Every structure is written in C-alpha cells, then in structure tokens.
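To convert, count from 1 in the sequence shown and add 6; that's this note's numbering.
Cβ atoms here follow ideal geometry from the backbone N, Cα and C, with glycine treated the same way.
These figures come from a predicted structure and were not determined experimentally.
To start, the structure itself, in structure tokens.
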Amino acid sequence: MKGKSGKGERGPLSLLLVGLTVVTGLVDSVCYLALGKVFVANMTGNVIFLGLGLAGSAAGSVPRSLLAIASFGVGATTAGRFGPARSSHRGVVLAVAAVCEAVLTAVVAVFMTVQPVPGEGPRPVLIVLLGLAMGIQNAVVLRVKAIDLKTTVVTGTLTSLFAEVLNPRRRGRRTTSVLVLLLGALLGGLLLQHVSPAAPLWTAAALMLLCAGYSYAATRRPDADRWA
7 MKGKSGKGER
17 GPLSLLLVGL
27 TVVTGLVDSV
37 CYLALGKVFV
47 ANMTGNVIFL
57 GLGLAGSAAG
67 SVPRSLLAIA
77 SFGVGATTAG
87 RFGPARSSHR
97 GVVLAVAAVC
107 EAVLTAVVAV
117 FMTVQPVPGE
127 GPRPVLIVLL
137 GLAMGIQNAV
147 VLRVKAIDLK
157 TTVVTGTLTS
167 LFAEVLNPRR
177 RGRRTTSVLV
187 LLLGALLGGL
197 LLQHVSPAAP
207 LWTAAALMLL
217 CAGYSYAATR
227 RPDADRWA
C-alpha cells in the first residue's frame, strides 16, 4: 500500500468510505430506535450506556451494551485475522468486507421485514449480527489506512477537524466524514419512521453491495496499482 494520500494514490477509496459511513448511520439508527437504545458501530455510546446501566439507570442496558461490544469485537478480530491476505489490494479487502457486511445486514433486514417490531427474544441475535458487520467494517477501514475518513469515530474526527484548521485538504475530508454520518442517521430515521423498520437495513445492504462491486471493479483498472 502506498504511504501517500494524494488523489491518485487513494483512487476511489474516499468515495467508498463515504458510502460505508452512510451505512453506519443507517444501521445505528435502526439499532437505537428499534432494538433498544444500543449502537453496533459507535462503541463510545455503548460504553456510556453500559455505565448508565451499571448505575441502575433505565437509559442504559448492561446486557445489550455488553452484547454489542462483544459482537463488534468478534467481527473486528475475525476481519483482522481471517480476512484477505495483508498483501491483497485495498479494493479487494474492502469488497470482501462489504459483501460479508451486506449478508449479515440482509439477514436482519429479512427478519425485520417479517417482524417489524422484534420481541425481546430475537433482539440479542439481531444485535449480534449487526455488531459483527460493523466490527468487520471498522477493522477493514483501519487496515486500509484511511487516516482522514473514518466511518464511525466522530469525536476523534471532530477533534482533528478543529485542531488542524490550517490543513484544508484534511479539514475537507473530516468535515465530509461527519456530515455523511449525519446524513446516514437522518436517512435511517426517516426511512424507519415513514417506510418501515427494515427499510434502512435494506438500503444499507444495497449500498454495501454497491461499494463491494465498485471496489472490486476498480482493482481491475490499469491504474489499480496506484492505490494498492
């Protein structure tokens, strides 16, 4: 992989990460609104909910928070240890991860299409499946060295955005990351309220497959080695 971060070396990486950031907003909006106030991508929120649950507050749930954190960790570990070889092209790595995420998300979408309001029994399973998907995504984003475009970590992104005000290129990428995550959450909330609880997940799964196809196709181009 190239150490530079210019347009040529990044190839379509920035666009792909924007797509996955929208996915994060879509998925976490469903988890928070429909699966019991838990996140499967933004682990900072789960740590806060865990603390609130331990304090006895109804705003937090110890079991759901622990389940989300654990499944996220398993997904990240799996992607890190058993994913494509380290020498694989970044496009291939992203494509494989996006397909895995899409399958896991689609399974949850199918269930929520049949049962729009999941009961207490199925909820843990759905949280686990989505946690695995988001763990895979975060591990792969770390692996492809996406320094300026994070798909979930908003606090660090905002810190860098405000601290590095004199670097317009990085500021632009980090602003994009925050706004796109906001857009994903907004779209997820609208779809959930006005279409169906499963609609944001179907949208996320479709977007993942689109990213996977585009990512793999980009590795077949003559200039693919420039962002390998």
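{"query": "Could you compute how far the alpha carbon of ASP229 sits from the alpha carbon of LEU19?", "result": "13 angstroms"}
{"query": "Roughly how many angstroms lie between the CA atoms of GLU107 and VAL36, to the nearest whole one?", "result": "15 angstroms"}
{"query": "With a threshold of 7 angstroms on Cβ separation, who are the neighbours of LEU237 within its own chain once the five nearest residues in sequence on each side are excluded?", "result": "Nothing can be reported for residue 237: it is not among the residues displayed for the chain, which extend from 7 to 234."}
{"query": "Hey, quick one: how far does the alpha helix (DSSP H) through GLN121 stretch, first residue to last?", "result": "Run containing GLN121: none; DSSP gives neither H nor E here."}
{"query": "Looking at VAL146: is its Cβ nearer than 8 angstroms to the Cβ of VAL105?", "result": "no"}
{"query": "Answer yes if the segment 182-190 comes into contact with the segment 70-85, meaning at least three C-beta pairs across the two stretches below 8 angstroms, and no otherwise.", "result": "no"}
{"query": "Just reading off the alpha helix (DSSP H) that PHE55 is part of, what are its end residues?", "result": "49-60"}
{"query": "Within 10 Å of its beta-carbon, does VAL134 have 16 or more other beta-carbons around it, so buried, or fewer, so exposed?", "result": "buried"}
{"query": "DSSP three-state label for CYS217, please.", "result": "helix"}
{"query": "Does the segment 124-134 come within contact of the segment 215-223, defined as at least 3 CB pairs closer than 8 angstroms?", "result": "no"}
{"query": "Taking VAL116 as the reference, give the member of PRO203, LEU56, TRP233, GLY17 with the closest Cα.", "result": "PRO203"}
{"query": "Rounded to whole angstroms, what's the CA-CA distance from SER93 to ALA47? Just pull it up for me.", "result": "27 angstroms"}
{"query": "Whole angstroms is fine: what's the gap from ALA101's alpha carbon to SER221's?", "result": "6 angstroms"}
{"query": "What separation, rounded to the nearest whole angstrom, lies between the Cα atoms of GLY17 and MET140?", "result": "23 angstroms"}
{"query": "Helix, strand or coil for PRO228 per DSSP?", "result": "coil"}
{"query": "Output yes or no for whether 8 angstroms exceeds the beta carbon distance between GLY79 and SER71.", "result": "no"}
{"query": "Given this structure, state the Cα-to-Cα distance separating PRO130 from SER77, to the nearest angstrom.", "result": "10 angstroms"}
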